[in-house]
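*Asks:* Those letters in the sequence shown? Residues 611 to 723, per our numbering, in order.
Don't be surprised by glycine CBs; every beta carbon is placed ideally from N, CA and C.
Quick one: the structure is below, questions incoming.
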Amino acid sequence: MDTPTDRDIEVTERPERYRYEITVDGQLAGIVAYDVVDDVTVMTHTVMQEAFDGQGFASIMVDRAIADVAARGGAVAATCPFVRHWLSKNHQHDAAVVALPEAIAGARLLEEL
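In C-alpha cells form, the structure reads like this:
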C-alpha cells in the first residue's frame with residue numbers, strides 16, 4: 611500500500627478562491643477553505659475526495675497551508691473542526707495560531723443560539 615510519502619504531493623494556495631488545494635499524483639485530492647478577517651486567515655472548512663480520505667493527506671495539506679501563512683508573517687485561526695483538532699495535536703505552528711477574531715467568534719455564538 612502506498613503511503614503519502616510515496617506520492618507526488620503538492621499544496622497550492624488559490625487566493626482567488628479563498629482556499630488551499632492538495633493534489634496527489636496530479637489529481638485534486640482536497641481543499642481547505644479560508645476567510646481573511648482582521649488580517650487573520652481563518653480556516654473554515656476541509657474537504658477531501660473520498661478516494662484520498664483517511665490517508666493523512668488532509669493533515670499534510672493543513673500543515674503546509676499553515677506553514678505558508680506563517681512564513682509570510684501571517685496569523686491563523688480555525689472554525690473548521692478538523693483544523694481545530696489538528697492544531698490541538700500538532701504544535702509546530704503555535705506561534706502563528708491566534709484566537710478567533712472577535713467578529714467571527716460573535717457570529718459563531720449567534721449561530722449556536
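If we count the other Cβ atoms within 10 Å of its Cβ and call it buried at 16 or more, is Val693 buried or exposed?
*Replies:* As a first step, residue 693 must be located in the sequence shown, where it is residue number 83. That one is buried.
*Asks:* Identify, in the order they occur along the chain, each residue of the same chain with its Cβ nearer than 7 Å to the Cβ of Glu626, setting aside the five sequence neighbours on each side.
*Replies:* For the purposes of this step, residue 626 is taken as residue 16 along the sequence shown, with counting starting at 1. Once the five neighbours on either side are set aside, Glu626 has no close Cβ partner at all.
*Asks:* Looking only at its chain, what residues have a beta carbon closer than 8 Å to the beta carbon of Asp649, apart from the 5 residues adjacent to it on each side?
*Replies:* What you label residue 649 is simply residue 39 of the sequence shown in a count that begins at 1. Counting only Cβ-Cβ distances below 8 Å, and skipping sequence neighbours, we find Gly684, Ala685.
*Asks:* What residue does the alpha helix (DSSP H) around Leu697 start on, and which one ends it?
*Replies:* Taking the first residue of the sequence shown as position 1, residue 697 is located at position 87. Unbroken alpha helix (DSSP H) run through Leu697: 691 to 699.
*Asks:* Tell me the rounded alpha-carbon separation between His695 and Ser669.
*Replies:* As a working note, residue 695 is residue 85 in the sequence shown. As a working note, residue 669 is residue 59 in the sequence shown. Each residue's Cα considered, the two are about 10 Å apart.
*Asks:* With distances taken from CA atoms, which of Val672, Ala688, Ala705 is nearest Ile619?
*Replies:* Reading the sequence shown from its first residue, position 9 is the one you call residue 619. It is Val672 whose Cα lies nearest to the Cα of Ile619.
*Asks:* Going by beta carbon distance, what residues of the same chain come within less than 8 Å of Thr725, once the five residues before and after it are set aside?
*Replies:* The structure shown does not extend to residue 725, since the chain is modelled only from 611 through 723, so no value can be given for it.
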